[in-house]
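J.: In this note's numbering, the protein residues as written are -4 to 146.
My questions will all concern the structure given below.
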């Protein structure tokens, strides 16, 4: 994950839930869609402690899926744009195209969708993440067994 724990211009330390509210407002007025289009992001989902009740979040976890067109996404530029819209320096950004199956599933299932530029993208990615996590569970178990044996 890429984290925005820097002191940017015009960006302040904000409560993660307040930052999420600001991103939701930016989504409603089209600003967040424009940012996503400019950077090639197809899907944007908030997840983690900021979207769950009963927890005190320290940061705002955001998952992003960039277009799969062979171009390399500008993660830091996108993160800077998100930080500006959220008025926050405590955003952790997960690139779904590079995340493992367990992390991808946790981000996509139960999160709050902020942007879905391609209709059905969230459902497609959720199904893919769940299936891949289940299909690779045996590999994670085997890896743990091998580590426990010291190999």
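By construction, the Cβ of each residue, glycine as well, lies at the ideal position given by its N, Cα and C atoms.
Only a predicted model underlies this, so the values are computations on that prediction, with no experimental measurement involved.
Using the Cα positions of residue 111 and residue 142, report the straight-line distance between them to the nearest angstrom.
T.: 40 Å
J.: Based on the DSSP output, what are the partners of residue 20 in its beta bridges?
T.: Its beta-bridge partners do not exist; DSSP assigns none.
J.: Exposed or buried, which one is residue 38 when buried takes at least 16 other CB atoms within 10 Å?
T.: buried
J.: Between which two residues does the beta strand (DSSP E) carrying residue 132 extend?
T.: Per DSSP, residue 132 belongs to no beta strand (DSSP E); it is in the alpha helix (DSSP H), 132 to 143.
J.: Suppose you measure from the CA of residue 24 to the CA of residue 106; what does that come to, to the nearest Å?
T.: 20 Å
J.: From the DSSP output, read off the bridge partner residues of residue 42.
T.: 56
J.: Is it true that the CB of residue 82 sits closer than 9 Å to the CB of residue 136?
T.: no
J.: With distances taken Cα to Cα, identify the nearest neighbour of residue 49 among 104, 133, 96 and 12.
T.: 12
J.: Less than 9 Å between the beta carbons of residue 43 and residue 102, yes or no?
T.: Yes, these two residues count as a Cβ contact at 9 Å.
J.: Can you round the beta-carbon distance between residue 40 and residue 109 to whole angstroms, since I take them to be within the 8 Å contact cut?
T.: 7 Å
J.: Under three-state DSSP, which class holds residue 85?
T.: coil
J.: Let me know if residue 147 comes out buried or exposed under the rule of 16 or more other beta-carbons within 10 Å of its beta-carbon.
T.: One cannot answer for residue 147 here, as it falls past the ends of the chain, which runs -4 to 146.
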